[in-house]
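Heads up, the sequence shown stops at 184 in the numbering used here, and the numbers go up one at a time, no gaps.
Glycine included, each C-beta is placed from N, C-alpha and C at the ideal position.
Quick caveat: nothing in here was measured; it's all calculated off a predicted structure.
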Amino acid sequence: MPRPYQPSLLRILHGAVGLLVAAAWLSGLIVYSLHDGRWGRLPWQPAGNWIDIHGSLGVLLWPLAIAFGLYALTLGRSRLRQPENTAVLLGLALAVGSGKLMDEDWLRQGDLNQLVYVIHLLAWLLIGAAVVWHVKAVLGRGGLPLARSMVSLQTRSNDLPHHWPGQIRRFFRRSG
Ligand code: HEM
Ligand code: HEM
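Written out as structure tokens, the structure is:
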């Protein structure tokens, strides 16, 4: 079987979104533990203004998530036939969409029953489960070589950043 290869534009968007989602997930866990904790708290509570830290990560994440979503719906559309790829994308959309509607003062004021906050919490659980499913499916379908192809830094000479505009133009010309 040929070694799997992922386009560099997909890898850079997927990598940036993946790292920021991991950071948002973990900082969200700390925010939950410090300000909510209805179903349990971390045994050790780190100091710091974690709502602001999480909010700043969220501000970085949402434009990248939009760019990644646009890529997945256009150039990456054929991959969305795998239901687990679509599931992570939906989890991401829900987490980022509800995050944008969050008011940073709700948790500080102990207002824990806001519908948007409940949706944001559900999105947190959903994206966690979807990423586990996604990684298991990737490993099941292509094993470590497929998983590694998404984090590899090797790039073909015809797939460098200055080729991205042409790749996008060709996609729209073909499907237009
Ligand atoms: C927050 C974490 C992640 C998110 C939001 C995410 C999201 C996605 C999405 C939406 C796609 C489809 C892209 C498209 O339509 O072009 C995809 C593909 C892929 N992801 Fe992830 N992913 C995450 C983590 C990971 C991790 C940890 C790995 C393992 C190294 C991984 C490996 C892959 C691979 C190999 C593909 C291509 C699969 C295929 O060809 O069907 N992802 N990812
Ligand atoms: C993967 C999981 C998560 C993602 C991707 C995520 C993403 C986001 C995003 C994009 C924002 C909007 C930032 C902005 O533009 O102002 C946000 C805000 C917020 N999120 Fe999350 N979040 C996650 C989990 C959580 C969890 C578990 C909690 C706490 C229980 C939480 C609490 C908050 C709060 C309080 C805000 C408002 C912060 C502010 O506006 O400064 N998030 N989140």
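Item to check | Contact check, LEU154 vs VAL146, beta carbons under 8 Å | outcome: Contact flag set, yes.
Next on the checklist: Below 7 Å, is the gap between the Cβ of VAL104 and the nearest heavy atom of ligand 2?
Outcome noted: Within 7 Å of the C-beta of VAL104 there is at least one heavy atom belonging to ligand 2.
Item to check | Expected contact under 8 Å - CB spacing of ALA32 and LEU83 to nearest Å | outcome: Actually they are not in contact, since the Cβ atoms of ALA32 and LEU83 sit about 25 Å apart, beyond 8 Å.
Checklist entry - Looking at ASP44 and ligand 2, is the gap between the Cβ and the nearest heavy atom below 7 Å? => result With a cut-off of 7 Å, the C-beta of ASP44 is classified as near ligand 2, since at least one heavy atom of the ligand falls inside that distance.
Item to check | Span of the alpha helix (DSSP H), counted from its first residue to its last, around ALA75 | outcome: From DSSP, the alpha helix (DSSP H) with ALA75 extends over 58–81.
Next on the checklist: For ligand 1, I want to know if HIS22 counts as a neighbour, meaning its beta carbon is within less than 7 Å of at least one of the ligand's heavy atoms.
Outcome noted: At least one heavy atom of ligand 1 is found less than 7 Å from the C-beta of HIS22.
Item to check | VAL96 burial status per 10 Å Cβ neighbour count (16 or more: buried) | outcome: Answer is buried; the Cβ neighbour count reaches 16.
Item to check | C-beta contact flag for SER41 and LEU50 at 8 Å | outcome: Yes. Within cutoff.
Checklist entry - Is GLY107 near ligand 1, judged by its Cβ being under 7 Å from some heavy atom? => result Checking the 7 Å criterion, the Cβ of GLY107 is out of range of every heavy atom belonging to ligand 1.
Next on the checklist: With H, G and I counted as helix, E and B as strand and the rest as coil, what does DSSP make of GLU92?
Outcome noted: DSSP places GLU92 in helix when its eight states are reduced to three.
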